[in-house]
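Protein sequence lines correspond, in order, to chains Y and V. Mapped onto my numbering, the consecutive letters of the first sequence carry residue numbers 1 to 163. Mapped onto my numbering, the consecutive letters of the second sequence carry residue numbers 164 to 326. Where a beta carbon is used, it is the ideal one built from N, C-alpha and C, also for glycine. See structure below.
Protein chains: 2
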Amino acid sequence: MSRLDVFIRRMQAQRACIDAVAEKISGVAGPVLELGLGNGRTYDHLRIRFPEREIFVFDREVAAHPDCIPPQRLCRLGDFRATVPAYLAEGQPSAAFIHADIGSSNKEASLRLAEDLAPDLLSILAPGGYLACDQPIVLDGLEQLALPADLDEGRYHFYRCPH
Amino acid sequence: MSRLDVFIRRMQAQRACIDAVAEKISGVAGPVLELGLGNGRTYDHLRIRFPEREIFVFDREVAAHPDCIPPQRLCRLGDFRATVPAYLAEGQPSAAFIHADIGSSNKEASLRLAEDLAPDLLSILAPGGYLACDQPIVLDGLEQLALPADLDEGRYHFYRCPH
Numbered sequence: 001m002s003r004l005d006v007f008i009r010r011m012q013a014q015r016a017c018i019d020a021v022a023e024k025i026s027g028v029a030g031p032v033l034e035l036g037l038g039n040g041r042t043y044d045h046l047r048i049r050f051p052e053r054e055i056f057v058f059d060r061e062v063a064a065h066p067d068c069i070p071p072q073r074l075c076r077l078g079d080f081r082a083t084v085p086a087y088l089a090e091g092q093p094s095a096a097f098i099h100a101d102i103g104s105s106n107k108e109a110s111l112r113l114a115e116d117l118a119p120d121l122l123s124i125l126a127p128g129g130y131l132a133c134d135q136p137i138v139l140d141g142l143e144q145l146a147l148p149a150d151l152d153e154g155r156y157h158f159y160r161c162p163h
Numbered sequence: 164m165s166r167l168d169v170f171i172r173r174m175q176a177q178r179a180c181i182d183a184v185a186e187k188i189s190g191v192a193g194p195v196l197e198l199g200l201g202n203g204r205t206y207d208h209l210r211i212r213f214p215e216r217e218i219f220v221f222d223r224e225v226a227a228h229p230d231c232i233p234p235q236r237l238c239r240l241g242d243f244r245a246t247v248p249a250y251l252a253e254g255q256p257s258a259a260f261i262h263a264d265i266g267s268s269n270k271e272a273s274l275r276l277a278e279d280l281a282p283d284l285l286s287i288l289a290p291g292g293y294l295a296c297d298q299p300i301v302l303d304g305l306e307q308l309a310l311p312a313d314l315d316e317g318r319y320h321f322y323r324c325p326h
């Protein structure tokens, strides 16, 4: 399997998780959080799937396509390790859905980042809320879900905060 | 359709063109040319599909994943408008396949670049050779092909140089 194959599968799995949450989440109040804006493709998908919700966006900087720039008041710029706890401290509402595409080419650093962020992500999630992440999250209190449709496990990671 | 949807479709179409060429090209001698290395995902796919061929890589710089760095002797760095004619002037063999992923977020500039490069790309292609490009190429002497499988037209652009 080439890196192109792996990438396409990961994008498909990411999209499938987002689409599955959009179908399931109507009973849970709260905004969507996007960790890792990048070029804004996934943000564009989120705002189409969750048109009625605010989408808070976390990244080091806004470097997205001009058509995919979030409103400034919903951007939280800086290191995730600082901006995610700061969101909690702001007293913002719990999130119905967190999508976190936070990995880099450094696999070990990506896993460590996910591990560091995990407790705060769980604190931010509303009961019944969903978390989809490119990195595995191992944490008591977070229920692991199977990937939607016929996707192979391990392409993306999908969780729910129990009620 | 979101930008994520469009992107996944484009990646699938790109891969389908490459895989189709790999099946059809055995009777045509010559190297593969990759215009636009980027992070090297597609280069990785090309070297798996064309293990017996040299792959010349053209880009402004080598900024690929460490696992996807081409041999230096096969890299042609700089503006495509200079490096593609220079490849011809080197007296290198005609290409069995050119894959050109040359677009940027500026649609007009991308179309103009494809138009500027088209005559040289046709000059480099071996008779019976294939060209797959993210931009449309309109040029006498180049036969337009339908996309492989059940892909919608317009996601990628696929051509052959007649014998």
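Under a CB-based cut-off of 8 Å, is Y/S110 close to chain V?
The Cβ of Y/S110 sits no closer than 8 Å to any Cβ of chain V.
Below 8 Å on the Cβ atoms is my contact criterion, and I expect Y/I8 with V/R172 to pass it. Report the Cβ-Cβ distance as a whole number of Å.
With a Cβ gap of about 10 Å, Y/I8 and V/R172 do not count as contacting.
Beta carbon proximity, Y/F158 to chain V, threshold 8 Å:
Under the Cβ criterion of 8 Å, Y/F158 is not counted among the residues facing chain V.
So with Cβ pairs under 8 Å, would you call V/C231 a contact of chain Y?
yes
Runs of alpha helix (DSSP H) lying entirely within the region 45–103 of chain Y, each at least 4 residues, in chain order:
80–90
Under the rule that 16 or more other beta-carbon atoms within 10 Å means buried, what is Y/R76, buried or exposed?
Per the 10 Å Cβ criterion, buried.
Proximal chain V residues relative to Y/I98, where beta-carbon distance stays under 9 Å
Neighbours of Y/I98 on chain V: none; closest Cβ ~17 Å, over 9 Å.
Run through chain V and tell me which residues come within less than 8 Å of Y/I48, C-beta to C-beta.
What Y/I48 touches in chain V: S165.
Return the residue from the list V/G291, V/E306, V/C296 that minimises the CA-CA distance to V/G190.
V/G291
By the criterion of Cβ-Cβ separation under 8 Å, what are the contact partners of V/Q175 in chain Y?
I8
Which term fits V/Q235, buried or exposed, when burial requires 16 or more other beta carbons within 10 angstroms of its beta carbon?
V/Q235 comes out exposed.
Are the region 199–211 of chain V and the region 221–229 of chain V in contact at 8 Å, needing three or more beta carbon pairs?
yes
Own chain residues within Cβ distance below 7 Å of V/A281, not counting five before or after:
I300, L302
Check whether the Cβ atoms of V/R212 and V/D182 sit closer than 8 Å, and answer yes or no.
The answer is yes: Cβ separation under 8 Å.
Y/D67 to Y/H45, Cα distance in whole Å?
Going from the Cα of Y/D67 to the Cα of Y/H45 covers about 12 Å.
Using a C-beta cutoff of 8 Å, does Y/R41 count as contacting chain V?
At least one chain V Cβ lies under 8 Å of Y/R41.
Pull up the distance between the alpha-carbon of Y/A96 and that of Y/R41, whole angstroms please.
20 Å
Answer yes or no: do V/C324 and V/L288 have a C-beta to C-beta separation smaller than 8 Å?
yes
Cα-Cα, which of Y/V6, Y/D150, Y/P148, Y/Y159 is closest to Y/G141?
Y/Y159
Taking CB distances under 8 Å as the criterion, tell me whether Y/R155 reaches chain V.
Contact of Y/R155 with chain V is not assigned, every C-beta pair being separated by 8 Å or more.
How many whole angstroms separate the CB atoms of V/L196 and V/I261, which I take to be in contact at a CB cut-off of 8 Å?
The Cβ separation is near 5 Å, so the contact holds.
May I have the straight-line CA-CA distance separating V/A263 from V/L294, to the nearest angstrom?
8 Å
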